[in-house]
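Asks: Got a structure for you, questions after.
Protein chains: 2
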Amino acid sequence: MSGTIRLLLADDQALVRGALSALLGLEPDLEVVAEVGAGDEVVPAALEHRPDVALLDVEMPRMDGIEATAALRVALPTTRVLVVTTFGRPGYLRRAMQAGASGFVVKDTPAAQLADAVRRVHAGLRVVDPALAADSLAAGESPLSNREAEVLRASRGGAPVAAVARQLHLSEGTVRNHLSAAIGKTLAANRTEAVRIADDNGWL
Amino acid sequence: MSGTIRLLLADDQALVRGALSALLGLEPDLEVVAEVGAGDEVVPAALEHRPDVALLDVEMPRMDGIEATAALRVALPTTRVLVVTTFGRPGYLRRAMQAGASGFVVKDTPAAQLADAVRRVHAGLRVVDPALAADSLAAGESPLSNREAEVLRASRGGAPVAAVARQLHLSEGTVRNHLSAAIGKTLAANRTEAVRIADDNGWL
DNA sequence: TGAGCCGCCTGACAATTGTCACGCCGGACC
DNA sequence: GGTCCGGCGTGACAATTGTCAGGCGGCTCA
Numbered sequence: 203m204s205g206t207i208r209l210l211l212a213d214d215q216a217l218v219r220g221a222l223s224a225l226l227g228l229e230p231d232l233e234v235v236a237e238v239g240a241g242d243e244v245v246p247a248a249l250e251h252r253p254d255v256a257l258l259d260v261e262m263p264r265m266d267g268i269e270a271t272a273a274l275r276v277a278l279p280t281t282r283v284l285v286v287t288t289f290g291r292p293g294y295l296r297r298a299m300q301a302g303a304s305g306f307v308v309k310d311t312p313a314a315q316l317a318d319a320v321r322r323v324h325a326g327l328r329v330v331d332p333a334l335a336a337d338s339l340a341a342g343e344s345p346l347s348n349r350e351a352e353v354l355r356a357s358r359g360g361a362p363v364a365a366v367a368r369q370l371h372l373s374e375g376t377v378r379n380h381l382s383a384a385i386g387k388t389l390a391a392n393r394t395e396a397v398r399i400a401d402d403n404g405w406l
Numbered sequence: 203m204s205g206t207i208r209l210l211l212a213d214d215q216a217l218v219r220g221a222l223s224a225l226l227g228l229e230p231d232l233e234v235v236a237e238v239g240a241g242d243e244v245v246p247a248a249l250e251h252r253p254d255v256a257l258l259d260v261e262m263p264r265m266d267g268i269e270a271t272a273a274l275r276v277a278l279p280t281t282r283v284l285v286v287t288t289f290g291r292p293g294y295l296r297r298a299m300q301a302g303a304s305g306f307v308v309k310d311t312p313a314a315q316l317a318d319a320v321r322r323v324h325a326g327l328r329v330v331d332p333a334l335a336a337d338s339l340a341a342g343e344s345p346l347s348n349r350e351a352e353v354l355r356a357s358r359g360g361a362p363v364a365a366v367a368r369q370l371h372l373s374e375g376t377v378r379n380h381l382s383a384a385i386g387k388t389l390a391a392n393r394t395e396a397v398r399i400a401d402d403n404g405w406l
C-alpha cells in the first residue's frame, strides 16, 4: 500500500465531478486517477486504473450507482466503495450497503468531511450519516410486493392504467388492484402520491 | 478593479458548494469570498463581502436562485450573476435572464469551462449554452394562463381536486376546467403528465 | 393431509377526474 | 357604440381511477 489513496470518481454532472476532483486533489494523501460520467463506465475504468476507493453517485445514466457498486465488488473486491448521493432516501442507503458499499454520504455534508470519509473507508471502516441511518431503520424494508412496485414504476410518468396493463400483460382490473394495494401501504390518497412516497423512500 | 475576481457561491448542497470553491480557488485570478446555502442569504452576504460575480444555483430552499438574482440586481447592481443549475429547463433560462442574470450554465458542462464563464461574465459578456438557448427559443413563453399554472402548482403532489379547490377558493368544476385546459396546452393525457411537462419546461 | 396465509389475478361497483357547453366580464379594435 | 377576443368561473356528463369481494395456486406448519 503506497502513501497515497487512489480514487475513482463517478458522477453524471461533469461540473460536479470536476469540482469534487479539485476538492479531493487538495489533500496530499489523495489522488484522483479516473473520472467517469455513467454507471456502466465504472468497472472498465476501475480495471484499468485500480483505484483504492471509488466514489459513486447514485443518479447516473444507463446504470445507477447501486448496480455499479455491486458490479464493482464482483470485478474488483479490493476496491472499496463510498456512495455519494443527492437524496438521502432510506432505501438507497439500505440497498447500497447490501450491494457492498463501505460508506454512504449525502451531498449536504460539509465539504471538509469528505476527505475524512474517504480515508476511513480506505482504512476499512464503515461511514454512514447517523441521522440517515436512523431514518433507514425507521422506514425499514419496502412493504411493497414485486408486482406492486413494478406497477408503480410503470405509472411514474402518469401513464393511464390501460397503458400499464398493456406493458405488463395484465388486465386493467389487476393493475388497478395492485395500485390500490400500493396506495394503501404507502398511506397515500392517490397513485400520484403513492409514486412520490415510494420513490422518496427508495422503494422503486 | 483589482487583479482578482471576487466570487460569491450559493448552492444548497454543502459538498457541491465546497467542491466548486476548491475548483475555482485553483485559479489564481479568482477568489471565493463568501458561500451561502439558501437563496435568502445571498443579498446579506453580498452586501457584506461585495463580490464581483455571484454564482447562484436555481434549486435552493426558502428563495430560489432566480428570485435571488432579481433581489441581488436591485441591492447590488454592479455584482454580475452567473446562474448554475442542474436542470436545463428552458423556462429557467428565460426567467433567469429576465431577472438580470449575465450567464446561465448547466452542471453538465465540463469543469474546465466554469472559470472561463466566470471571467467572461465579469468582463460584461453574456454566457449561455448555445444548445440550451435553442431549446429555450423553441419552447417559447409559457402557454399557460395564471390560473392554470396556479392550479397545476397546487396539484403537484397529487392532491385531489377537492383539496385544490378549497386551497384556491374555487369550485371543483373550475379547478377541473383549468386542469383540462392545461392538459390540452401541454399535450398531456393526465394532470400528472401535465404537471411533469410544465415543470420540465420551467412553466411553474 | 389439510388449514391458514400470501401473492397474484379478475370483474363489478363507487368515487374521482377530464371534457364540454355555457355565462360573465374587461380590453382591443373598428 | 358594437364586435370580437381571451381569461375566468360553473355545472352536467363521460371516462378514468380506486375499492371491494372473490378465485386460484404455492408455501409453511402442525
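Each protein sequence line maps, in turn, to chains A and B.
Residue numbering for the first sequence follows the numbering used here, starting at 203 and increasing by one per position.
Residue numbering for the second sequence follows the numbering used here, starting at 203 and increasing by one per position.
Positions of the beta carbon are idealized from the N, C-alpha and C atoms, including for glycine.
#1: Give, in chain order, every unbroken run of the alpha helix (DSSP H) that is at least 4 residues long and sits entirely within the region 254-286 of chain A.
#2: Mind checking which residues open and close the beta strand (DSSP E) that includes Arg208 of chain B?
#3: Chain A beta carbons: is any one of them nearer than 7 Å to that of Asn403 of chain B?
#4: What span of residues does the beta strand (DSSP E) with Ala236 of chain A cover, start to end?
#5: Are the C-beta atoms of Val218 of chain B and some chain A residue less than 7 Å apart?
#6: How would you label Gln215 of chain A, buried or exposed, when you count the other beta carbons within 10 angstroms and need 16 or more for buried?
#7: Thr394 of chain B versus chain A: which residues are under 7 Å apart at the beta carbon?
#8: Which residues in the same chain as Glu350 of chain A place their Cβ atom closer than 6 Å to its Cβ, once the five residues preceding and following it in sequence are excluded?
#9: Can you list, in chain order, the residues of its chain whose CB lies under 6 Å from that of Ala224 of chain B, leaving out five sequence neighbours each side?
#10: Taking beta-carbon pairs under 7 Å, can you tell me which members of the region 220-242 of chain B lie near chain A?
#11: Are the CB atoms of Pro263 of chain B and Val235 of chain B nearer to each other than 7 Å?
#12: Report the CB separation of Ala248 of chain B from Ala240 of chain B in whole angstroms; it is logged as a contact under 8 Å.
#13: Name the chain A residues that come within less than 8 Å of Arg398 of chain B, Cβ to Cβ?
#14: May I have the straight-line CA-CA distance separating Asp266 of chain A from Glu243 of chain A, to the nearest angstrom?
#15: Using CA coordinates, which residue listed in B:Ala367, B:Tyr294, B:Pro312 and B:Ala335 is at the minimum distance from Leu222 of chain B?
#16: By alpha-carbon positions, which one of B:Pro332, B:Thr288, B:Leu295 and B:His251 ends up nearest to Gly342 of chain B?
#17: For Asp310 of chain B, would you say it is in contact with chain A, using Cβ-to-Cβ distances shorter than 7 Å as the test?
#18: List the endpoints of the continuous alpha helix (DSSP H) containing Gly293 of chain A.
Replies: If we stick to the structure as given:
#1: Note on the region 254-286 of chain A: whole alpha helix (DSSP H) runs with a minimum of 4 residues are 267-277, in chain order.
#2: Numbered from 1 along the second sequence, position 6 holds the residue referred to as residue 208 of chain B. Taken as a continuous stretch (DSSP letters only), the beta strand (DSSP E) holding Arg208 of chain B covers Ile207 to Ala212.
#3: Residue 403 of chain B sits at position 201 when you count from the first residue of the second sequence. Among the CB atoms of chain A, none fall inside 7 Å of the CB of Asn403 of chain B.
#4: One-based indexing of the first sequence puts residue 236 of chain A at position 34. For Ala236 of chain A, the uninterrupted beta strand (DSSP E) segment begins and ends at Leu232 to Val238.
#5: On the second sequence, position 16 is the one that residue 218 of chain B refers to. It does; some Cβ of chain A falls within 7 Å.
#6: The residue given as residue 215 of chain A occupies position 13 in the first sequence. With a threshold of 16 other beta carbon atoms within 10 Å, Gln215 of chain A meets it and is buried.
#7: One-based indexing of the second sequence puts residue 394 of chain B at position 192. Neighbours of Thr394 of chain B on chain A, chain order: Gly360 and Thr394.
#8: Residue mapping note: residue 350 of chain A aligns to position 148 of the first sequence, counting from 1. Correct list, in chain order: His380, Ala383 and Ala384.
#9: The residue labelled residue 224 of chain B in the question sits at position 22 within the second sequence. Nothing listed; no residue qualifies.
#10: Gly220, Ala221, Leu222, Ala224, Leu225 and Leu228
#11: As a working note, residue 263 of chain B is residue 61 in the second sequence. As a working note, residue 235 of chain B is residue 33 in the second sequence. No, Cβ-Cβ distance for Pro263 of chain B and Val235 of chain B is not below 7 Å.
#12: Position 46 of the second sequence, counted from the start, is the residue given in the question as residue 248 of chain B. Position 38 of the second sequence, counted from the start, is the residue given in the question as residue 240 of chain B. About 13 Å; that fails the 8 Å criterion.
#13: Your numbering for residue 398 of chain B matches position 196 in the second sequence. Here the neighbours are Gly359 and Gly360.
#14: Position 64 of the first sequence, counted from the start, is the residue given in the question as residue 266 of chain A. Position 41 of the first sequence, counted from the start, is the residue given in the question as residue 243 of chain A. Rounded to whole angstroms, the gap between the alpha carbons of Asp266 of chain A and Glu243 of chain A is 11 Å.
#15: Within the second sequence, numbered from 1, the residue matching residue 222 of chain B stands at position 20. For the residues B:Ala367, B:Tyr294, B:Pro312 and B:Ala335, the minimum Cα distance to Leu222 of chain B belongs to B:Pro312.
#16: Sequence index remark: in the second sequence, residue 342 of chain B carries index 140 (1-based). The residue with the shortest Cα to Cα distance from Gly342 of chain B is B:Leu295.
#17: Counted from its first residue, the second sequence places residue 310 of chain B at position 108. Yes, Asp310 of chain B lies at the interface with chain A (some Cβ there is under 7 Å from its Cβ).
#18: Looking up residue 293 of chain A in the first sequence gives position 91. Residues Pro292 to Gln300.
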